[in-house]
Each structure stands twice: as structure tokens, then as C-alpha cells.
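Asks: One structure follows; several queries about it will come next.
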Amino acid sequence: MSYKCPQCGAQFPAGGTCRDRFDLCLAKEFEQPTSYGSVHHLTVACYMLQHNLYSREAWLETREMVAQFIREGRTPSDVRRQNRKRLDSGQRRWSVTKGAKMVGLDGVVWTRTIADVRLDTPDLYCADVKLWAADVLSDTEGVLSESSTD
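Following my numbering, the numbering of the sequence shown begins with 87 at its first residue and continues without gaps.
In C-alpha cells:
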């Protein structure tokens with residue numbers, strides 16, 4: 087039986103869900119951290135952003151981090167070092183997952199989803215995850231500009 091994700095529109099013709107695919111991706115990343123796992127920071131962020139699983143504040147912060155990874159070539163350690171104090175749970179006044187969610191994502195037509203990420207080889211996987219991340223950024227430009235007028 088086929089499945090269409092209500093959050094991102096991903097199609098799974100043989101069944102399964104985005105969560106199933108996400109778990110499979112994480113398993114690959116943890117089994118082979120130097121190859122598949124090299125894009126872990128993008129896999130988790132894209133999945134969470136597309137499925138609106140972060141609070142609004144965390145969604146905006148995470149999207150900005152993805153932009154730094156993709157558009158500026160920053161590394162996870164660079165971004166972690168830059169934001170360590172500001173995003174520390176003892177410093178910030180918002181929860182990563184609890185609270186108001188990002189508004190406007192239900193109108194986004196996603197160019198690429200986790201269903202489009204090929205698992206065949208580390209090279210294909212990493213290339214697809216990077217394309218997915220770039221598309222998440224592009225696809226959410228309108229949501230981001232609407233959010234800044236709130």
C-alpha cells in the first residue's frame with residue numbers, strides 16, 4: 087500500500103513512512119560515520135525542518151545553520167563553537183521542540199524529500215542529502231520572509 091506524508095508530501099509506493107526512511111538513514115550514518123555520517127548534521131536538520139518538529143525558534147536557528155553549512159561551507163564544529171554559549175540550554179529561553187511551531191510550512195511544495203535520498207553508496211547518499219538541504223533552503227525562502235514580517 088502506498089503512503090503520502092502529510093507534512094512533506096513524500097511518496098512511498100511500497101509502504102513505509104518518512105520516519106521509517108529517517109531511521110534507515112540514521113542507521114547508515116551510525117554504521118559508517120566517516121562516509122554516510124559525514125552529512126548527519128544535514129539529515130537531521132532537513133528532516134526536522136520539513137516535518138516542523140522544532141519549535142519556531144529552533145526551526146529558525148536550524149535553518150540558519152543549514153544555510154551556513156550549504157552556502158558558506160561552514161563545518162558543524164565551526165557552527166557549534168560559534169553558537170555554544172548563545173544556544174546553551176541554560177542560556178536560551180525557548181525549547182528546541184516544545185512550544186509554537188513554524189507557521190506557513192503547510193503551503194510549501196517541497197522540491198526534494200527524504201524519499202529522494204538514495205542509500206546505495208556513500209557518494210550518492212551524501213550528494214542527495216546536500217541537494218535536499220539546498221532545496222529545503224530554497225523552498226522555505228517564502229516562509230522565512232513571511233516570518234520576518236510577524
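All C-beta atoms, glycine included, are put in the ideal place defined by N, C-alpha and C. Computed from a predicted model, the values in this text were never measured in an experiment.
For Ser233, which of Met188, Ala201, Trp218 has the nearest alpha-carbon?
Replies: For Ser233, the closest C-alpha among the options Met188, Ala201, Trp218 is that of Met188.
Asks: In this structure, does DSSP put Lys90 in helix, strand or coil?
Replies: The three-state reading of DSSP puts Lys90 in strand, counting E and B together.
Asks: Return the chain-ordered list of same chain residues with a C-beta closer than 6 Å to the C-beta of Gln93, the five sequence neighbours on each side being excluded.
Replies: His137
Asks: What does the alpha-carbon distance come out to for the pair His127 and Val215?
Replies: 10 Å
Asks: For Gln136, does the three-state DSSP call read helix, strand or coil?
Replies: helix
Asks: Measuring CB to CB, does Trp196 end up less than 8 Å from Ala144?
Replies: no
Asks: Determine the burial state of Arg167: buried for a count of at least 16 other Cβ atoms within 10 Å of its Cβ, exposed for fewer.
Replies: exposed
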